[in-house]
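Chains as they are written, first to last, in full-length UniProt numbering: chain A, 1 to 116; chain B, 1 to 116.
Where a beta carbon is used, it is the ideal one built from N, C-alpha and C, also for glycine.
Note that the structure is predicted; figures quoted are calculated from it, not measured.
First comes the structure, then the notes that go with it.
There are 2 protein chains.
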Amino acid sequence: MDILQSTQAFAALSQATRLEVFRLLVKAGADGLMAGEIGEKLQVKQNTMSANLSVLLNAGLVKNKREGRTIRYYADMDGVTAMLSFLLEDCCGGQPQLCQPFIQQITCSTENCNDA
Amino acid sequence: MDILQSTQAFAALSQATRLEVFRLLVKAGADGLMAGEIGEKLQVKQNTMSANLSVLLNAGLVKNKREGRTIRYYADMDGVTAMLSFLLEDCCGGQPQLCQPFIQQITCSTENCNDA
DNA sequence: CAAATATATCAATTATTCATGATATATGGA
DNA sequence: TCCATATATCATGAATAATTGATATATTTG
Chain A
1 MDILQSTQAF
11 AALSQATRLE
21 VFRLLVKAGA
31 DGLMAGEIGE
41 KLQVKQNTMS
51 ANLSVLLNAG
61 LVKNKREGRT
71 IRYYADMDGV
81 TAMLSFLLED
91 CCGGQPQLCQ
101 PFIQQITCST
111 ENCNDA
Chain B
1 MDILQSTQAF
11 AALSQATRLE
21 VFRLLVKAGA
31 DGLMAGEIGE
41 KLQVKQNTMS
51 ANLSVLLNAG
61 LVKNKREGRT
71 IRYYADMDGV
81 TAMLSFLLED
91 CCGGQPQLCQ
101 PFIQQITCST
111 ENCNDA
């Protein structure tokens with residue numbers, strides 16, 4: 001991950017529709033969602049949604065897979081990991097006590113997660 | 001944290017200079033960095049840097065504190081936490097096994113961290 | 001192969017964002 | 001109070017991104 005890929009990923013999440021799409025895909029988990037289904041849920045025109053999905057795809061934040069005439073989209077957690085690792089590089093190394101509470105809140109010890 | 005605050009935070013990190021600033025501040029930890037110092041390190045004109053710091057500030061990703069005639073900036077990990085909690089909401093709840101590897105990589109079990 | 005459905009691409013307009021010169025504000029020191 | 005230093009704000013032009021109607025591509029079905 002370099003600065004270009006990383007800014008691209010953050011830019012992809014910097015627009016309301018795309019952020020909502022990603023959040024839906026996170027919630028959908030391994031089942032993913034069909035492109036049209038996402039457009040309906042968020043009330044976004046077909047070509048606009050297609051363009052937005054393409055931005056998320058290019059940013060490495062989602063994957064997709066054709067299923068007959070529909071295309072199913074999934075959140076790509078590896079992409080998120082790469083983006084965040086770059087963002088937080090050397091955080092803990094330098095000042096562990098600064099990052100500790102952050103790490104604890106983001107990990108599964110909070111309401112974020114039930115049982116993982 | 002709502003969709004507006006969240007997109008604002010991602011937008012703040014979607015530009016190369018600002019992302020570098022934030023990464024510097026993460027590395028600087030509790031010591032923070034003076035505004036001018038950041039501008040020098042990144043070779044960015046004074047007013048441009050001021051505008052960019054202001055974007056990060058408004059996004060809730062950095063804090064600052066005046067010290068005499070200089071102003072010191074710090075990464076605000078609470079802001080990052082809020083942004084990421086919103087992004088990843090219900091991730092673990094729905095499909096724990098999807099998020100598990102992600103969580104492990106982002107937390108201090110990797111090269112991300114020495115001892116925390 | 002023709003029609004229907006699902007998604008993607010193109011072209012054009014509008015809206016947003018960026019960097020910057022000029023200038024303003026705030027603080028400290030002579 | 002006057003000057004120097006550090007940072008912020010303003011106005012503007014240039015670059016980027018967003019939305020959308022129209023159209024193209026891919027797949028399934030009859």
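Problem set entry | Sub-8 angstroms separation of Thr17(A) and Gln15(B) beta-carbons | no
For this session: Return the CA-CA distance between Gln5(B) and Ser54(B), expressed in angstroms with no decimal places.
Result: 15 angstroms
Exercise. What does DSSP give as the partner residues of Met34(A) in its beta bridges?
Worked result: Arg72(A)
For this session: Ignore the nearest five residues each way along the sequence and tell me which others in Leu19(A)'s own chain have a CB closer than 8 angstroms to its CB.
Result: Leu13
Exercise. If you draw a straight line from the alpha carbon of Asp2(A) to that of Asn47(B), how long is it in whole angstroms?
Worked result: 26 angstroms
For this session: Round the Cβ separation of Ala75(A) and Val44(A) to the nearest angstrom and send it over; I've been treating them as touching at under 8 angstroms.
Result: Wrong, their Cβ atoms sit about 18 angstroms apart, outside the cutoff.
Problem set entry | For Arg66(A): DSSP bridge partner residues | Ile71(A)
Problem set entry | Met77(B) in three-state terms, based on DSSP | helix
Problem set entry | Member of Ala9(A), Ala59(A), Phe10(A), Lys63(A) whose CA lies at the smallest distance from the CA of Met34(A) | Lys63(A)
Problem set entry | Close-in-space but distant-in-sequence residues of the same chain around Gly60(A) (CB under 6 angstroms, 5 per side omitted) | Gly79
For this session: May I have the straight-line CA-CA distance separating Leu42(B) from Leu24(B), to the nearest angstrom?
Result: 10 angstroms
Problem set entry | Distance between Asp31(A) and Asp90(B) (C-alpha atoms, nearest Å) | 14 angstroms
Problem set entry | Same chain only: Cβ atoms within 6 angstroms of Asn112(A), ignoring 5 sequence neighbours per side | Since pLDDT at Asn112(A) reaches only 41, below the 50 mark, its modelled position is unreliable, and the value read off the structure follows with that caveat. For Asn112(A), where only same-chain residues beyond five positions count, there are no Cβ hits under 6 angstroms.
Exercise. In the structure shown, what three-state DSSP assignment does Ala59(B) receive?
Worked result: coil
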